[in-house]
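Enquirer:
2 protein chains.
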Amino acid sequence: MDKHEIRLSGSGGQGLILAGIILAEAAIIDGKNAVQTQSYGPEARGGASKAEVIISTEKIDFPKVRECDIFLSLTQKSYDQYSKGLKEGGIMIVDSIVNANNAKNKVYSAPIIDTAAHVIGKAMVTNIVALGALVAISNAVTREALEQAVLSRVPKGTEELNKKALEMGYIMGENAIK
Amino acid sequence: MDKHEIRLSGSGGQGLILAGIILAEAAIIDGKNAVQTQSYGPEARGGASKAEVIISTEKIDFPKVRECDIFLSLTQKSYDQYSKGLKEGGIMIVDSIVNANNAKNKVYSAPIIDTAAHVIGKAMVTNIVALGALVAISNAVTREALEQAVLSRVPKGTEELNKKALEMGYIMGENAIK
Chain A
555 MDKHEIRLSG SGGQGLILAG IILAEAAIID GKNAVQTQSY GPEARGGASK AEVIISTEKI
615 DFPKVRECDI FLSLTQKSYD QYSKGLKEGG IMIVDSIVNA NNAKNKVYSA PIIDTAAHVI
675 GKAMVTNIVA LGALVAISNA VTREALEQAV LSRVPKGTEE LNKKALEMGY IMGENAIK
Chain B
555 MDKHEIRLSG SGGQGLILAG IILAEAAIID GKNAVQTQSY GPEARGGASK AEVIISTEKI
615 DFPKVRECDI FLSLTQKSYD QYSKGLKEGG IMIVDSIVNA NNAKNKVYSA PIIDTAAHVI
675 GKAMVTNIVA LGALVAISNA VTREALEQAV LSRVPKGTEE LNKKALEMGY IMGENAIK
């Protein structure tokens, strides 16, 4: 059985719900099962947002992520709030603006937000850059499936922009694991 | 405790994931808790798609809808596949194209798809018309919260179109409960 429990965290407006949906749809293209969950509680009003995805070769009975294998954080607030939920030996990926010095796990740090905003020039692709980095580091889905899922979800006319965002994410992810 | 378990079903491309997200965000605006879940399994490849939302005044421990209180179906295929999951006494809302003669529950039928495509003239607002009808029939969230959630999620420049879609949905829902 091959299973990944993934938590994507950051702030509202960074497109993490869409990132979760894309990741789940990529898993389906890979022939797996997936559940994408968005929980809103009192903390949803506090500025830290999260989206969760479970990917499995088997049927998924309990759809909520408890401890995750893969944790992404794009803001300090979401890191502080959710990083404790990562399993020992899990993969922690953070934006370079996040101070993760207290992490017990190995931390992969990459300038995701800055690259989206200044290298690609569109903050709206932050989530796609993040997905590229996450997949290059974790291999949670194949790159072929990820690209197909991204292209089926992004607005028409932004395909090339989003391919470039994915590509930058892959490069960043590959650099982070070197 | 006030709790609604809602299943939205139809075919891919009808925007039901977004409808689920909007419903969950409206519940948060109403001051409640919400979980939105998207499960993909072998059936996701078969053409029927579903999105689930739980809304509660209390903390939501198990995030997956088992039997729902409110069931929406926009296609015959999704009706056939998922309608059995509605509780006795639950609210069943179907598009007029759906034959729901075998239903044990009271059925509210409304021309959601046709109204979006031909009265409003944009099939892309099918999901918003459906939300209007669902909320007029079930009161799962307040209309004020629904409108606010819709306007924060739809593309810029489509606000008036989507307000009109909501309004048509409300009228249809009100007619269905008469």
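Chains as they are written, first to last, in the numbering used here: chain A, 555 to 732; chain B, 555 to 732. Cβ coordinates follow ideal geometry from the N, Cα and C atoms, glycine included.
Nearest CA to the CA of B/A684: which residue from B/A670, B/G567 and B/C622?
Expert: Counted from its first residue, the second sequence places residue 684 of chain B at position 130. For B/A684, the nearest C-alpha among the options comes from B/A670.
Enquirer: Around the C-beta of A/N587, are 16 or more other C-beta atoms found within 10 angstroms, so that it is buried, or is it exposed?
Expert: In the first sequence, residue 587 of chain A corresponds to position 33, counting from 1. A/N587 is buried by the Cβ-count criterion.
Enquirer: Counting only beta-carbon separations shorter than 8 Å, does B/Q590 have a partner in chain A?
Expert: As a first step, residue 590 of chain B is located in the second sequence; it is residue number 36 there, counting from the start. Yes, because at least one Cβ of chain A sits closer than 8 Å to the Cβ of B/Q590.
Enquirer: Tell me the DSSP secondary structure of A/V708 in three-state form.
Expert: In the first sequence, residue 708 of chain A corresponds to position 154, counting from 1. The answer is coil: DSSP assigns A/V708 none of H, G, I, E or B.
Enquirer: Please confirm if A/N587 has its CB atom under 8 Å from at least one CB of chain B.
Expert: Residue numbering aside, residue 587 of chain A sits at position 33 when the first sequence is read from its first letter. So, interface residue.
Enquirer: Taking a cut of 9 Å between CB atoms, which residues from the segment 566-578 of chain A lie near chain B?
Expert: So the list reads I571, G574, I575 and A578, given in the order they occur along the chain.
Enquirer: Suppose you measure from the CA of A/N659 to the CA of A/D649; what does that come to, to the nearest Å?
Expert: Along the first sequence, read from residue 1 onward, the residue named residue 659 of chain A stands at position 105. Along the first sequence, read from residue 1 onward, the residue named residue 649 of chain A stands at position 95. Between A/N659 and A/D649, the C-alpha separation is close to 15 Å.
Enquirer: The alpha helix (DSSP H) that contains B/L688, what's its start and end?
Expert: The sequence position of residue 688 of chain B within the second sequence is 134, counting from 1. Where B/L688 is concerned, the enclosing alpha helix (DSSP H) stretches over T680 to S692.
Enquirer: For B/Y636, go through chain A and note every residue whose CB falls closer than 7 Å to its CB, in chain order.
Expert: Sequence index remark: in the second sequence, residue 636 of chain B carries index 82 (1-based). Chain A residues near B/Y636: none, gap ~16 Å exceeds 7 Å.
Enquirer: Name the DSSP bridge partner or partners of B/E559?
Expert: The residue given as residue 559 of chain B occupies position 5 in the second sequence. The partner list for B/E559 (beta bridge, DSSP) reads B/I608.
Enquirer: I'd like to know if A/K618 contacts chain B, where contact means its C-beta is closer than 8 Å to some C-beta of that chain.
Expert: Position 64 of the first sequence, counting from 1, holds the residue named residue 618 of chain A. Cβ-Cβ to chain B under 8 Å: yes for A/K618.
Enquirer: Could you check whether the Cβ of A/S603 sits closer than 8 Å to any Cβ belonging to chain B?
Expert: Position 49 of the first sequence, counted from the first residue, corresponds to residue 603 of chain A. It does not; no Cβ of chain B falls within 8 Å.
Enquirer: In whole angstroms, what is the alpha-carbon distance linking A/I731 and A/A694?
Expert: Working through the first sequence from its first residue, we reach residue 731 of chain A at position 177. Working through the first sequence from its first residue, we reach residue 694 of chain A at position 140. Whole-angstrom Cα-Cα distance: 15 Å.
Enquirer: Does the distance from the CB of A/T741 to the CB of A/D615 come in under 8 Å?
Expert: Nothing can be reported for residue 741 of chain A: it is not among the residues displayed for chain A, which extend from 555 to 732.
Enquirer: Just the C-alpha distance for B/A734 and B/Y662, rounded to the nearest angstrom, thanks.
Expert: Shown here, chain B extends from 555 to 732; a query on residue 734 of chain B therefore has no answer.
Enquirer: Across the segment 556-564 of chain B and the segment 618-632 of chain B, are there enough close Cβ pairs to call them in contact, namely three or more that are closer than 8 Å?
Expert: Yes, the segment 556-564 of chain B is in contact with the segment 618-632 of chain B.
Enquirer: Please name the residue or residues paired with A/Q592 in a DSSP beta bridge.
Expert: Position 38 of the first sequence holds residue 592 of chain A. Per DSSP, B/Q590.
Enquirer: Let's test the definition: count the other Cβ atoms within 10 Å of the Cβ of B/T680 and tell me whether it reaches 16, buried, or not, exposed.
Expert: Stepping through the second sequence from its first residue, residue 680 of chain B is reached at position 126. By the neighbour-count rule (16 or more Cβ atoms within 10 Å), B/T680 is buried.
Enquirer: Indicate whether B/A677 and B/M726 have their beta-carbon atoms separated by less than 8 Å.
Expert: Taking the first residue of the second sequence as 1, we reach residue 677 of chain B at position 123. Taking the first residue of the second sequence as 1, we reach residue 726 of chain B at position 172. No, they are not a contact pair.
Enquirer: Tell me where the alpha helix (DSSP H) around B/E579 begins and ends.
Expert: One-based indexing of the second sequence puts residue 579 of chain B at position 25. Looking at the DSSP string, the run of the alpha helix (DSSP H) that includes B/E579 is L570 to I583.
Enquirer: So who's on the other strand from A/D649, going by DSSP bridges?
Expert: Translated into the one-based positions of the first sequence, residue 649 of chain A becomes position 95. A/D649 pairs with A/A664.
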